[in-house]
Amino acid sequence: MKQNRNEICECGSGKKYKNCCMIENGNSFIKKYGIKIVVATFFFFFIYMFSDKIMNSEETVYCYECKSYFPESQAAAHKTEPLE
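Going letter by letter, the sequence shown gives residues 0 to 83 in numbering that gives the first Met the number 0.
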């Protein structure tokens with residue numbers, strides 16, 4: 000008969016089956032689905048970062064004094080017209 004994970008373990012340790020023999024048998028949730036959890040977490044993190052980059056992208060302007068690009072929100076502090 001299959002033992003429920005929350006019942007007292009049959010080995011006599013007094014612990015629940017999920018904290019005793021279930022771990023040793025390799026039937027634990029982490030051992031069974033660990034790789035899938037890591038891959039899914041990485042996938043969702045990657046999708047979140049990619050979509051955040053697209054959603055929060057802002058137009059940039061070139062500063063002729065600093066010789067680099069800056070977001071438009073910072074354009075007032077930089078020289079956006081060519082130097083003469």
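Note that the Cβ used here is the ideal one computed from N, Cα and C, for glycine as well.
Taking the DSSP output, what are the residues bridged to residue i?
| i | result |
| --- | --- |
| Tyr68 | Tyr61 |
| Ile34 | DSSP lists no partner for Ile34. |
| Ile29 | BP columns for Ile29 are empty, so no partner. |
| Lys15 | Ile7 |
Less than 8 Å between the CB atoms is what I'm expecting for residue i and residue j, so what's the real figure, rounded?
| i | j | result |
| --- | --- | --- |
| Thr59 | Phe69 | 6 Å |
Enumerate in chain order the residues of its own chain whose CB-to-CB distance from residue i is below 7 Å, with the five nearest sequence positions on each side excluded.
| i | result |
| --- | --- |
| Cys65 | His77 |
When you compare only the Cα positions, how much space is there between residue i and residue j?
| i | j | result |
| --- | --- | --- |
| Cys62 | Ala74 | 8 Å |
| Lys86 | Val37 | Not covered by the structure: residue 86. The range shown for the chain is 0 to 83. |
| Ile34 | Tyr47 | 20 Å |
| Ser67 | Phe49 | 24 Å |
| Thr40 | Ser56 | 24 Å |
Looking only at its own chain, which residues have a Cβ that is under 8 Å from the Cβ of residue i, when we skip the five neighbours before and after it?
| i | result |
| --- | --- |
| Ile7 | Gly13, Lys14, Lys15 and Tyr16 |
| Arg4 | Lys15, Tyr16, Lys17 and Met21 |
| Phe45 | none |
Apart from the five residues on each side of it in sequence, which residues of its chain come closer than 6 Å, Cβ to Cβ, to residue i?
| i | result |
| --- | --- |
| Cys10 | Cys20 |
| Thr79 | Val60 |
| Pro81 | Tyr63 |
| Ser72 | none |
Under 7 Å: does the beta carbon of residue i sit that close to some heavy atom of the ligand HEM?
| i | result |
| --- | --- |
| Lys78 | No copy of the ligand HEM appears in this structure; indeed no ligand is present at all. |
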